[in-house]
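Residue numbers (our numbering), protein chains in the order written: chain A, 22 to 185; chain B, 22 to 185.
All residues carry an ideal CB built from backbone N, CA and C; glycine is no exception.
There are 2 protein chains.
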Amino acid sequence: MAAVSSSQGQGRLIVRYAKDVSETADERSLASRLRLAVVRLNRRLRAQRASADLSLTQISALSTLHKCGSMTPGQLAAKEGVQPPSMTRVIAALEELSYVERSPHPTDGRQAIVALTEPGRDYVLATISRREAWLDLRLAELSDEERHVLSEAAEIIERMAAHG
Amino acid sequence: MAAVSSSQGQGRLIVRYAKDVSETADERSLASRLRLAVVRLNRRLRAQRASADLSLTQISALSTLHKCGSMTPGQLAAKEGVQPPSMTRVIAALEELSYVERSPHPTDGRQAIVALTEPGRDYVLATISRREAWLDLRLAELSDEERHVLSEAAEIIERMAAHG
DNA sequence: TATTGTTATACTCTATAACTATA
DNA sequence: TATAGTTATAGAGTATAACAATA
């Protein structure tokens, strides 16, 4: 008995989802529940890898470079959804670690090209997975169906987060 | 054609999930994809409400007090998965805004009881939903099925994040 | 003059270590 | 001596504003 209601609450659109009438005990909107879930998991993930060599932000940038190829700092900032000065710091840290390198832009002297180095590529391919120990354990405790839900949710969330 | 594989990669358990063989183009583990999705949505959520009066962390604590009732700072820190000193600051900010109040513990002079005030309860009930404008818009753009996935994912994620 | 990127600065969130008060 | 909580301090992550270099 699926039911979705979009209503006007305080002059704003509120999206609620209840897959079953018996589940409406949780009155919080889907937005509220999803926000709390994301904030709390983010906190756990950050705490969990406090002693690792790269921060979540640095790993995220590295992953984007691996997935999308070399690009300028501005493009990388846009892809990651952060402001250029924030990306400047991330790139500087990754460059310091020799995981990325800059080269001059072929036609525009203002810009630069940021590229993964060989160690950077190795890190993405080999090391990142090993860093997921805590999360992998949590995921291994779930049922196949639950992992399926999270897999699809990850896709949907990425799409939402990428929204202009 | 669902397929789940748990394999040893670099001496660590890696959980992958592919709901379809044709979807295995994305070689990243579920853990990697979920981590990136969560980090990025968290970033968006934070940026989206930069000018709001309460931070995501403060809202999270307020929500817990509303859901679970009054408790000591230590219990609240544990529920939120943060260290006591972090919670001290959150409570101080909420107290400053008169959204929570402290009272002495009836039997233990070291402890205190943190309770929602009437304005705090109003905030949780009325204001939080309105703050979800950006996320509500994104959710409204999804299909019923996608919202269903996110609803279930939020539950699963909360359970994982709550894990000791 | 507009664009790209960096530097300077500041704020939020969180942690650990050290301290205080009470048990 | 152990526990609950706070204060002090530090580091990550991010932003805005101001600047430099190039177009």
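Item	Value
Cβ of B:T167 within 7 Å of any chain A Cβ	For the sequence presented, residue 167 of chain B should be read as Glu rather than Thr. Closer than 7 Å: yes.
Test: B:E179 CB closer than 7 Å to a CB of chain A	yes
Any chain B beta carbon closer than 7 Å to A:R20	Any property of residue 20 of chain A remains undetermined from this structure, which presents chain A solely from 22 to 185.
Residues of the region 59 to 84 of chain B whose Cβ lies closer than 9 Å to any Cβ of chain A, in chain order	V59, V60, R61, L62, N63, R64, R65, L66, R67, A68, L77, T78, I80, S81 and S84
Min CB distance B:R159 to chain A below 7 Å	yes
Within chain A, the residues that B:L171 reaches when beta carbons sit closer than 7 Å	L51, L55, A174 and I177
Neighbour list for B:A113 in chain A, Cβ cutoff strictly below 9 Å	In chain order: nothing, as chain A lies at least about 19 Å away.
Of the listed residues B:R54, B:M108 and B:E173, nearest to A:E166 (C-alpha basis)	B:E173
Neighbour flag for B:E48 against chain A, beta carbons, 7 Å	For B:E48, the predicted structure reports a pLDDT of 49, less than 50, and the residue's modelled location is therefore unreliable. The matter cannot be settled from this model.
Three-way DSSP call (helix, strand, coil) for A:R61 in this model	helix
Nearest-angstrom Cα separation, counted from B:L118 out to B:R142	13 Å
B:R168 vs A:A182 beta-carbon contact at 7 Å	no
Check whether A:V111 and A:A82 have beta carbons under 7 Å apart	yes
Cutoff 7 Å: A:G95 Cβ touching any chain B Cβ	no
Residues sharing a beta bridge with A:S172, DSSP	Looking at the DSSP assignment, A:S172 forms no beta bridge with any residue, so it has no partner.
Beta carbon proximity, A:L146 to chain B, threshold 7 Å	no
DSSP-derived helix/strand/coil call for B:P140	helix
Buried/exposed call for A:L146, threshold 16 Cβ in 10 Å	exposed
Local Cβ density within 10 Å of B:T109, reported as buried at 16 or more and exposed below that	exposed
Check whether A:D74 and B:A52 have beta carbons under 7 Å apart	no
B:A58 versus A:V103: straight-line alpha-carbon distance, rounded	15 Å
Neighbourhood of B:P125 by C-beta distance below 7 Å, restricted to the same chain and skipping five residues each side	A133
Among A:R131, A:H184 and A:A161, nearest to B:I192 - alpha-carbon criterion	Only positions 22 to 185 of chain B appear in this structure, which leaves residue 192 of chain B out of reach.
Test: A:A182 CB closer than 7 Å to a CB of chain B	yes
Identified DSSP bridge partners for B:R123	B:V135
Option nearest A:S84 by Cα separation, candidates B:R159, B:L55, B:V121 and B:G90	B:L55
Beta-carbon proximity list for B:T105, same chain, < 8 Å, skipping 5 on both sides	The displayed chain sequence assigns Pro, not Thr, to residue 105 of chain B. Cβ within range, chain order: P94, G95 and A98.
Unbroken alpha helix (DSSP H) run spanning A:D200, endpoints	Residue 200 of chain A cannot be examined here, being either before or after the span of chain A that is shown, 22 to 185.
Contacts of A:V103 in chain B (Cβ-Cβ under 9 Å)	R64 and A68
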